[in-house]
Amino acid sequence: MPATRRRTMQRVELLVVKNLIWAILALVFLGFSVTLPNFFTLQNVHFVLYVASAIGLLVFAESLVLISGSMDLSVAHIAGLSSMFVGALTIRWCPFLPGWTGLVLIVIVGAILGSINGFLVGRMRINPFLVTLSTFLMYNWLTFYINRGAISDVSPALVFPGGGRLAGIFVAIPIMLLVCALLGFVLTRTRFGGYIHALGGNSEAARMLGISLPWMNFWVFTIAGVLAGLSGLLYIGYLASIPSTIAGGDDIFLAFAGAIIGGVSLKGGEGSMTGALGGVLLLGMIDTGTAMTLINPALRGFLNGLILLLAILINKYRIALRDKLLMSRPGAMGMPA
Amino acid sequence: MKKAIVVLSGLLLAASVAWAQGAAKRSPVFVGLDTKTVTNAWEGYFQDSFEWYAQDHHDTWVAEEANGDPAVQVTQCRQMINSGVKGLIISAQDAVAAKPIVEFAEARSIPVFTADADIDSPKVKMYVGFSGERAGQELTRHLVDFLKSKHHGEVRGTVLEMMGPLGGASAIQRSKGFHDIIDRYPDVKVIQAVGDFQEAPAKTAALNVLRANPHIDACYSANGPMAVGAVEAMKDLNIDPRQVDTVTIDATPSVLPMIKSGDIRMALDQAPGFYTAIAAHYLVAYLEKGDAALPKVGETIKASDLNLNTKVAHAGVYPWADNASWAPAKITQEFGHLWFQTGAILVTKSNAGAGYLWANIKLPPQA
Amino acid sequence: MSVPRNTGERPLLALQSIDKWYGEVHALRHVTLQVNSSEIVGLIGDNGAGKSTLIKVISGVVPRDGGQIWWKGRDVSLGSVREAQALGIETVHQDRAVVGTMSVARNIFLGREPTRGIGPFRVLDRERMAIEAERLLSDLRLHISSVDQEARFCSGGEMQGVAISRAMHFKASLVILDEPTTALAVTGVQTVLSFIRRLKEDHIACIFVTHNLHDVYAVADRFLVMARGVVVSNIRRDEVTVEELVQMQLAGKAVA
Chain A
1 MPATRRRTMQ RVELLVVKNL IWAILALVFL GFSVTLPNFF TLQNVHFVLY
51 VASAIGLLVF AESLVLISGS MDLSVAHIAG LSSMFVGALT IRWCPFLPGW
101 TGLVLIVIVG AILGSINGFL VGRMRINPFL VTLSTFLMYN WLTFYINRGA
151 ISDVSPALVF PGGGRLAGIF VAIPIMLLVC ALLGFVLTRT RFGGYIHALG
201 GNSEAARMLG ISLPWMNFWV FTIAGVLAGL SGLLYIGYLA SIPSTIAGGD
251 DIFLAFAGAI IGGVSLKGGE GSMTGALGGV LLLGMIDTGT AMTLINPALR
301 GFLNGLILLL AILINKYRIA LRDKLLMSRP GAMGMPA
Chain B
338 MKKAIVVLSG LLLAASVAWA QGAAKRSPVF VGLDTKTVTN AWEGYFQDSF
388 EWYAQDHHDT WVAEEANGDP AVQVTQCRQM INSGVKGLII SAQDAVAAKP
438 IVEFAEARSI PVFTADADID SPKVKMYVGF SGERAGQELT RHLVDFLKSK
488 HHGEVRGTVL EMMGPLGGAS AIQRSKGFHD IIDRYPDVKV IQAVGDFQEA
538 PAKTAALNVL RANPHIDACY SANGPMAVGA VEAMKDLNID PRQVDTVTID
588 ATPSVLPMIK SGDIRMALDQ APGFYTAIAA HYLVAYLEKG DAALPKVGET
638 IKASDLNLNT KVAHAGVYPW ADNASWAPAK ITQEFGHLWF QTGAILVTKS
688 NAGAGYLWAN IKLPPQA
Chain C
705 MSVPRNTGER PLLALQSIDK WYGEVHALRH VTLQVNSSEI VGLIGDNGAG
755 KSTLIKVISG VVPRDGGQIW WKGRDVSLGS VREAQALGIE TVHQDRAVVG
805 TMSVARNIFL GREPTRGIGP FRVLDRERMA IEAERLLSDL RLHISSVDQE
855 ARFCSGGEMQ GVAISRAMHF KASLVILDEP TTALAVTGVQ TVLSFIRRLK
905 EDHIACIFVT HNLHDVYAVA DRFLVMARGV VVSNIRRDEV TVEELVQMQL
955 AGKAVA
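Chains as they are written, first to last, in my numbering: chain A, 1 to 337; chain B, 338 to 704; chain C, 705 to 960.
Take a look at the structure:
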């Protein structure tokens, strides 16, 4: 029957459109593979995933906060301060502590730093932009205060998650993927995850239905802090040291960019972890691909921005297309099936 | 009127006390320092040594950092001048944007000295710093020697250049020094990666270009952290860094262990601790004797010509006891004013543990 | 003010001297009223009369500043939405309280989703939500093609159905409907009114807040007229005509 076939086709279209980030990723991958000699190799894919791991966790953290209807400018510096603090603690101040305590501590410190944001936004009801701007500055300067240079004699336990390998594969990659899967599960399959979407989609409605906004905000920012702490851990391993500029610089911008390109809406209520993963991989792939073209570095940067713009435009088209598909489905809006 | 008499008599008292204390200890001065940023060990030590030097001479001092913002630097310097500093030492975030500071200071007869990063104004009294361009040239000559010996007398091969931020003055100079020498050899292929003077971006950039070009012979890095990042990238790609001739400017604390292990062959080190001390020394001398206190263009200042040792220990050492890291210095000109062009010291495995290297000073964790 | 006497039956909900301030505005002034089980009470009044505030107090969305509330004879605080829901007070809010980016099924159960699993490992029971949602909507004779459809693609009437389904599912003793017929077509209005009659059949009380006096007159047993934060009239349907109600709403006071 033509009607059911039409419906099936529409369902397929919808599926593609909802996961367009992966289609874009495949397209870009194909494009680079065809034009660059060394691109289409296992080693290359391996390294793109590796480099994406540390920043990926920051993207997940930011995505979580964005979906809940807020924003967090301080995630990168939570990563930096947690790493620096734990590094200084376990290596300089209390060297008697075994290396693995650092792993536990970095998560705890991240949680605490995030919970400060959570308290100020959730309970004190201060605008998240203002709160995280202040904590951004505070955490940044605290990092420098602890140590201005780099801590290079980092214990192997702290370096392993971010830089170590198991059977040739960088451990950071499965860590990142596992976190992504876990967060995705929580967001889509648990009550708490649903409340995060509700908070971002219509916080008034959530409040009127008995969802506690202060607590939700508190936990969202605290979890973001935990993710940021983990990201800091991966950065330590990536560099095998803890420079004071760890997770600084461009990273907060990339955290937002990866999330938004992956379909997380700035308005809140929309987005997924898999989308965010797609976003961070796309950014990493574009960066790698343009670096491998080995043209003038300034032009490379320009090319990077251009491809990014293309991806964003396609994404915009995707959203419009998806809405059109959803609205025109037979049965929608009470129309006869 | 009464207030003025009190202040004046106070000053007279102070002056006579100072005079009575003898010529060895000079009268205390109120000096200010404004650094462009303080985000790494080098800059930290640069600022610390200013504070120590001032403390040892019982000077009143104030130190500010501009967070990488030229406008903030102008504001901070004006505030310091308004609060009564008798002299300013500046490491300029932007050579041109900092010019108003010099104008403002000159209007109040306050001498401005620059250290590490100069200001484009003839009214600066003197600039203390090394030449990034010369350093790059010297390192590249060593690198060329390596290529020559590796390829049986021919200068050819592939060299990875780690570059600082594309717009930065110091990055531009250090890159220019490299290209001044390496561009003479048409058989040498240069691949560039932008590391923004930091480890993490350097490692990522190096990972990317090295995957396309794994067979490199040598690496020139415009600063220490980027060299570390590049070496980490090589290790992750199973390229043996000891087979690659890596040379870098700045022997930062993370570079020294790599020199000792052979991952980095040599570093050309500046003397951040001396920049501020030398500038302060000449600033105070200028305040007492004016232009006569400053050296003349063409002079060479040898290690024995300048004794800055205060014999007060900081972090377990006498920071200015050994002049080996900067002497001899040439006096030249830049931007219409004097340039105290410090030398740089070559750091290799043989002297990586030397006490006069600033990176070997064990600064306490809360530097 | 004539207070209806139900023979010996205690009121389901009783409010005594309720006060609420928004800053300097005295939104509710010593409001006293009662609602009995199976009773449909129409709450009317002009804009700014305090109807919405009163509803928010009863449904637990905002706390009151003064006064007492009794539920089934017990003194309750009604400090939170959860508490109100636990007592059996369900509210269909004026703006439907619907999250547009979530599905219809999720919206119906928002805040109180069924879960399966053990201990801390509880996941959403999506199947049950879908089945229940479909049943509820068909009970209301609403035909949304899929309960997984995002709520923002539903019409006003469908969203109303979503909000009412909530109240139906969670077995309320008292359902508060805040402007349920606004922005509905005629068929939509009829559906809502028949739903309200069904509530009465199921012995569920209802407070029906509306501007639309003709709609509420058709189903209500009693009317409470509010103006400037005070209940100015408490009158049974057989004691008043629609026109008189209109008068009272305009004048803001009881008509003799």
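No residue lacks a Cβ here, since even glycine has one placed at the ideal position from N, Cα and C.
- Restricting attention to alpha helix (DSSP H) runs no shorter than 4 residues, the segment 903-951 of chain C encloses them at 917-923, ordered along the chain.
- If you ignore the 5 residues before and after alanine 52 (chain A), its C-beta comes within less than 6 Å of the C-beta of Val280, Leu281, Gly284, all in its own chain and listed in chain order.
- Comparing alpha carbon positions, the residue from B:Phe677, B:Ser687, B:Asp577, B:Lys686 closest to valine 465 (chain B) is B:Phe677.
- Taking 8 Å as the Cβ-Cβ cut-off, the segment 205-221 of chain A approaches chain C at Ala205, Ala206, Arg207, Met208, Leu209, Gly210, Ile211, given in chain order.
- When the Cα atoms are used, lysine 485 (chain B) and proline 502 (chain B) turn out to be separated by approximately 30 Å.
- Minimum Cα-Cα distance from glycine 87 (chain A) among the listed residues A:Ile146, A:Leu137, A:Pro128 corresponds to A:Ile146.
- The DSSP-derived three-state label of tryptophan 663 (chain B) is coil.
- Spanning the alpha carbons of serine 842 (chain C) and valine 890 (chain C) requires a straight line of approximately 19 Å.
- In the DSSP secondary-structure assignment, phenylalanine 129 (chain A) is not bridged to any residue.
- Not flagged as an interface residue toward chain C: glutamate 13 (chain A), since no C-beta distance is shorter than 7 Å.
- By the CB criterion at 7 Å, phenylalanine 119 (chain A) and serine 74 (chain A) fall outside the cutoff.
- Considering only beta carbons, the part of the segment 161-195 of chain A lying closer than 9 Å to chain C consists of Phe185, Thr188, Arg189, Thr190, Arg191, Gly193, Gly194, Tyr195, in chain order.
- Contact annotation for glycine 269 (chain A) against chain C: Val803, Gly804, Thr805, Met806 [CB-CB distance below 9 Å, chain order].
- Under a criterion of Cβ atoms nearer than 9 Å, no residue of chain C is adjacent to alanine 276 (chain A); the nearest Cβ is some 16 Å distant.
- Straight through space, the alpha carbons of proline 609 (chain B) and glutamate 380 (chain B) are spaced by roughly 7 Å.
- Bounds of the beta strand (DSSP E) holding valine 780 (chain C) are 778-780.
- For valine 796 (chain C), the enclosing beta strand (DSSP E) begins and ends at 793-796.
- For aspartate 482 (chain B), the uninterrupted alpha helix (DSSP H) run begins and ends at 469-487, by DSSP.
- Secondary structure at methionine 463 (chain B): strand, using DSSP grouped into helix, strand and coil.
- Serine 784 (chain C) has no beta-bridge partner at all, per DSSP.
- Cβ neighbours of leucine 57 (chain A) within its own chain (closer than 7 Å, five residues either side excluded): Met176, Val179, Leu227, Leu230, Ser231, Leu234.
- Taking 7 Å as the cut-off, the beta carbon of arginine 941 (chain C) is found closer than this to the beta carbon of alanine 924 (chain C).
- Rounded to the nearest angstrom, the Cβ distance from glycine 114 (chain A) to phenylalanine 221 (chain A) is 5 Å, consistent with a contact under 8 Å.
- Ranking A:Phe60, A:Leu49, A:Ala276, A:Tyr317 by CA distance to the CA of glycine 162 (chain A) puts A:Leu49 first.
- Residues of the segment 288-318 of chain A with a C-beta atom less than 7 Å from some C-beta of chain B are Thr288, Ala291, Met292, Leu294, Pro297, Ala298, listed in chain order.
- About 6 Å separates the Cβ atoms of arginine 471 (chain B) and glycine 514 (chain B), confirming a contact at the 8 Å cut-off.
- Contact between the segment 730-747 of chain C and the segment 681-697 of chain B is absent: fewer than three C-beta pairs spanning the two stretches fall below 8 Å.
- In the three-state scheme derived from DSSP, where H, G and I count as helix and E and B as strand, leucine 227 (chain A) is classed as helix.
- When beta bridges are read from the DSSP output, proline 715 (chain C) appears opposite no residue.
- Per DSSP, the continuous beta strand (DSSP E) segment holding alanine 731 (chain C) begins and ends at 729-739.
- Methionine 499 (chain B) and alanine 508 (chain B) have their alpha carbons spaced roughly 10 Å apart.
- Residue contact with chain B for asparagine 117 (chain A): absent (no Cβ-Cβ distance below 7 Å to any residue of chain B).
- Nearest Cα to arginine 786 (chain C) within the set C:Val946, C:Arg820, C:Val766, C:Arg800: C:Val766.
- In the structure shown, alanine 311 (chain A) falls within a helical segment according to DSSP collapsed to helix, strand and coil.
- For serine 115 (chain A), the uninterrupted alpha helix (DSSP H) run begins and ends at 100-118, by DSSP.
- Between valine 439 (chain B) and glycine 369 (chain B), the C-beta gap is not smaller than 7 Å, which leaves the two residues out of contact.
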